[in-house]
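J.:
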Amino acid sequence: ETGVTQSPTHLIKTRGQQVTLRCSSQSGHNTVSWYQQALGQGPQFIFQYYREEENGRGNFPPRFSGLQFPNYSSELNVNALELDDSALYLCASSDDRQETQYFGPGTRLLVL
Amino acid sequence: QKEVEQDPGPLSVPEGAIVSLNCTYSNSAFQYFMWYRQYSRKGPELLMYTYSSGNKEDGRFTAQVDKSSKYISLFIRDSQPSDSATYLCAMTYSGNTGKLIFGQGTTLQVKP
Chain R
90 ETGVTQSPTH LIKTRGQQVT LRCSSQSGHN TVSWYQQALG QGPQFIFQYY
140 REEENGRGNF PPRFSGLQFP NYSSELNVNA LELDDSALYL CASSDDRQET
190 QYFGPGTRLL VL
Chain X
5 QKEVEQDPGP LSVPEGAIVS LNCTYSNSAF QYFMWYRQYS RKGPELLMYT
55 YSSGNKEDGR FTAQVDKSSK YISLFIRDSQ PSDSATYLCA MTYSGNTGKL
105 IFGQGTTLQV KP
């Protein structure tokens, strides 16, 4: 176990709705990254937060947004859900050196 | 062309076999190389981490990085049924370790 937790474990939404996913980082880690993993694919980087500021973003539209809180927990928000947003959403935490990232179990999102 | 290429398999071997998993990449700026193991419906688990070129051994696992060929490998000795999982290679740039670039993942089945 990495100490990174995510909630909920899975959920179902319909097209056009909004969703918020949550992540609690491993103790002592101040950096959190979010990834989207489609079925049969490797994870794709969405963005990273370091000390409550966005610190890099992948090729995802602005309807994907995030927050990091003073306790280093984090949220991923997705607006105007599309069918292609159905995936496993993973968060990963790391410390100041950012040499390695430790992943949580993921939230499985299904958009109908 | 994807930045990181990984044969998706599936790869099926008998228990006790030596397994070789490989990734190729196109960007010579990658400096940090990782192997993650992902069981079905779980988050990726960090197995091996290597900086720059060379070999690293941890128990039954050996990671090799050949930067001149842009090629990395993971060897599993004395494979066990519990090794059955998807293996993801990941890499990132020096100074920007927040964004991991993953391969597609190779599905491995070790038969008793």
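Just so you know, the sequences run in chain order R and X. For the first sequence, the numbering used here assigns the number 90 to the initial residue and increments by one for each residue that follows. For the second sequence, the numbering used here assigns the number 5 to the initial residue and increments by one for each residue that follows. The beta carbon of each residue, even a glycine, is placed where N, CA and C say it ideally should be. In this text, all values refer to a predicted model and were calculated from it rather than measured experimentally.
Could you tell me the alpha carbon to alpha carbon distance between residue 184 of chain R and residue 112 of chain X, rounded to whole angstroms?
T.: What you label residue 184 of chain R is simply residue 95 of the first sequence in a count that begins at 1. What you label residue 112 of chain X is simply residue 108 of the second sequence in a count that begins at 1. One C-alpha to the other measures close to 31 Å.
J.: Which residue's Cα is closest to the Cα of residue 65 of chain X: X:21, X:116, X:6?
T.: The count along the second sequence starts at 1 and reaches residue 65 of chain X at position 61. Comparing Cα positions, the closest option is X:21.
J.: Of all the options R:125, R:172, R:169, which has the alpha carbon lying nearest to the alpha carbon of residue 181 of chain R?
T.: Counted from its first residue, the first sequence places residue 181 of chain R at position 92. Cα-wise, what sits closest to residue 181 of chain R is R:125.
J.: Express the C-alpha separation of residue 40 of chain X and residue 116 of chain X in angstroms, rounding to a whole number.
T.: By one-based count along the second sequence, residue 116 of chain X stands at place 112. By one-based count along the second sequence, residue 40 of chain X stands at place 36. Rounded to the nearest angstrom, the two C-alpha atoms are 23 Å apart.
J.: Buried or exposed for residue 98 of chain R, going by 16 or more other Cβ atoms inside 10 Å?
T.: Within the first sequence, residue 98 of chain R is the residue found at index 9, counting from 1. By the neighbour-count rule (16 or more Cβ atoms within 10 Å), residue 98 of chain R is not buried but exposed.
J.: I need the straight-line Cα distance from residue 73 of chain X to residue 101 of chain R, nearest angstrom please.
T.: By 1-based counting over the second sequence, the position of residue 73 of chain X is 69. By 1-based counting over the first sequence, the position of residue 101 of chain R is 12. If you take the alpha carbons of residue 73 of chain X and residue 101 of chain R, they lie about 44 Å apart.
J.: Could you tell me the alpha carbon to alpha carbon distance between residue 202 of chain R and residue 58 of chain X, rounded to whole angstroms?
T.: Look at the range of chain R in this structure, 90 to 201, and you will see that residue 202 of chain R is not part of it.
J.: Considering only C-alpha positions, which residue in the set R:200, R:132, R:168, R:158 is nearest to residue 120 of chain R?
T.: On the first sequence, position 31 is the one that residue 120 of chain R refers to. Minimum Cα distance to residue 120 of chain R is reached at R:158.
J.: What number of angstroms, rounded off, separates the C-alpha of residue 167 of chain R from the C-alpha of residue 107 of chain R?
T.: Taking the first residue of the first sequence as 1, we reach residue 167 of chain R at position 78. Taking the first residue of the first sequence as 1, we reach residue 107 of chain R at position 18. Residue 167 of chain R and residue 107 of chain R: Cα-Cα distance of roughly 6 Å.
J.: Taking residue 116 of chain R as the reference, give the member of R:94, R:145, R:148, R:149 with the closest Cα.
T.: Taking the first residue of the first sequence as 1, we reach residue 116 of chain R at position 27. With distances taken between Cα atoms, residue 116 of chain R lies closest to R:94.
J.: Which residues in chain X sit within 9 Å of residue 137 of chain R, going by Cβ to Cβ distance?
T.: The residue labelled residue 137 of chain R in the question sits at position 48 within the first sequence. Residues of chain X passing the Cβ test: 102, 103.
J.: May I ask you to report which of helix, strand or coil DSSP gives residue 173 of chain R?
T.: Start at 1 with the first residue of the first sequence, and residue 173 of chain R comes out as number 84. Three-state DSSP puts residue 173 of chain R in a helix.
J.: The segment 63-75 of chain X: which residues have C-beta closer than 8 Å to a C-beta of chain R, in chain order?
T.: Against chain R - using a Cβ distance shorter than 8 Å - the segment 63-75 of chain X contributes no residues.
J.: For residue 47 of chain X and chain R, any beta-carbon pair shorter than 8 Å?
T.: The residue labelled residue 47 of chain X in the question sits at position 43 within the second sequence. Chain R contact via Cβ: present.
J.: Using a beta-carbon distance below 8 Å, is residue 13 of chain X in contact with chain R?
T.: For the purposes of this step, residue 13 of chain X is taken as the residue at position 9 of the second sequence. No - not a single Cβ of chain R is within 8 Å of the one on residue 13 of chain X.
J.: Rank X:8, X:14, X:50, X:32 by C-alpha distance to the C-alpha of residue 38 of chain X and give the top, closest one.
T.: Taking the second sequence and counting its residues from 1, one reaches residue 38 of chain X at position 34. Ranking X:8, X:14, X:50, X:32 by Cα distance to residue 38 of chain X puts X:50 first.
J.: Only counting the same chain, and skipping five residues up and downstream in sequence, which positions put a Cβ closer than 7 Å to that of residue 14 of chain X?
T.: As a working mapping, residue 14 of chain X is identified with position 10 in the second sequence. So the list reads 111, 113, once near-sequence residues are dropped.
J.: Closer than 7 Å by C-beta to residue 108 of chain X: which residues in its own chain qualify, once you throw out the five before and the five after it? Chain order, please.
T.: By one-based count along the second sequence, residue 108 of chain X stands at place 104. Cβ neighbours of residue 108 of chain X beyond the five flanking positions: 10, 12.
J.: I'd like the list of long-range same chain contacts for residue 96 of chain R, defined as Cβ closer than 6 Å, with 5 residues on each side in sequence excluded.
T.: Your numbering for residue 96 of chain R matches position 7 in the first sequence. Excluding sequence neighbours, residue 96 of chain R sits near 111.
J.: How many angstroms separate the CA atom of residue 172 of chain R from the CA atom of residue 105 of chain R?
T.: The count along the first sequence starts at 1 and reaches residue 172 of chain R at position 83. The count along the first sequence starts at 1 and reaches residue 105 of chain R at position 16. Using only the alpha carbons, I get a separation of about 9 Å.
J.: In this structure, what does DSSP give as the bridge partners for residue 70 of chain X?
T.: Stepping through the second sequence from its first residue, residue 70 of chain X is reached at position 66. X:75.
J.: Among residues of its own chain, excluding the 5 on either side of residue 149 of chain R, which ones have a beta-carbon nearer than 6 Å to its beta-carbon?
T.: Position 60 of the first sequence, counting from 1, holds the residue named residue 149 of chain R. For residue 149 of chain R, where only same-chain residues beyond five positions count, the Cβ hits under 6 Å are 135.
J.: Let me confirm a value: residue 113 of chain R is counted as buried when at least 16 other C-beta atoms fall within 10 Å, else exposed. Which label applies?
T.: Sequence index remark: in the first sequence, residue 113 of chain R carries index 24 (1-based). That one is buried.
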